[in-house]
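Residues -9 to 106 (my numbering) make up the sequence shown, in order. Every residue gets a Cβ at the ideal spot worked out from N, C-alpha and C, and that includes glycine. Treat the numbers as computed from the prediction; the structure is a model and nothing was measured.
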Amino acid sequence: MVIRMERAGKNARFGSRYGRRVRKRILTVEAKYKGKTQTCPFCNTKFAERKSAGIFYCKNCKKKFAGGAYEPTTLVKRMLNKVYDKKGKAVNKQIDIKEIEKLVEDIKQKEETQEE
Ligand SMILES: [Zn+2]
């Protein structure tokens, strides 16, 4: 039992359940977000905290907002912000397909490095 706890780290609490990949992702998510305040997208201060899945509350500007399950903004939202403005109009009407492909590749690379 002691040996298994050392090897599996914090994820030993799951035992053999949920699969290897999910347990690995939990480790990275908890290291980044658990018990830590996040950057608020409205006032750019580090006072936003997670209330429940996808719901965040900023103690500084007292706004409640939706985000990713564990992070205030998701990778996809950041990508869409580069393409569209807040009213939903395209920021750059002559955006290249190559630029979008580059963004998608960046996302894929980030996900691959997270899984390793
Ligand atoms: Zn705020």
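- By alpha-carbon distance to Thr63, the top candidate from Cys51, Ala43, Lys49 is Ala43.
- The alpha-carbon separation between Lys14 and Ile97 amounts to approximately 18 angstroms.
- Looking at the backbone, the Cα of Lys54 and that of Phe46 are separated by about 6 angstroms.
- Rounded to whole angstroms, Thr35 and Asn1 show a C-alpha spacing of 31 angstroms.
- Apart from sequence neighbours up to five positions away, the residues of its chain that approach Leu17 with a beta-carbon distance below 8 angstroms are Gly(-1), Lys0, Asn1, ordered along the chain.
- By the C-beta density criterion, Ala21 is exposed, having fewer than 16 other C-beta atoms within 10 angstroms.
- In this structure, Val81 places its C-beta atom within 8 angstroms of the C-beta atom of Asp75.
- Taking every residue with its beta carbon within less than 5 angstroms of a heavy atom belonging to ligand 1 gives, in chain order, Cys30, Phe32, Cys33, Cys48, Asn50, Cys51.
- Residue environment for Gln99: exposed (fewer than 16 other C-beta atoms within 10 angstroms of its C-beta).
- Considering only Lys79, Thr29, Met69, the residue with the shortest C-alpha distance to Val94 is Met69.
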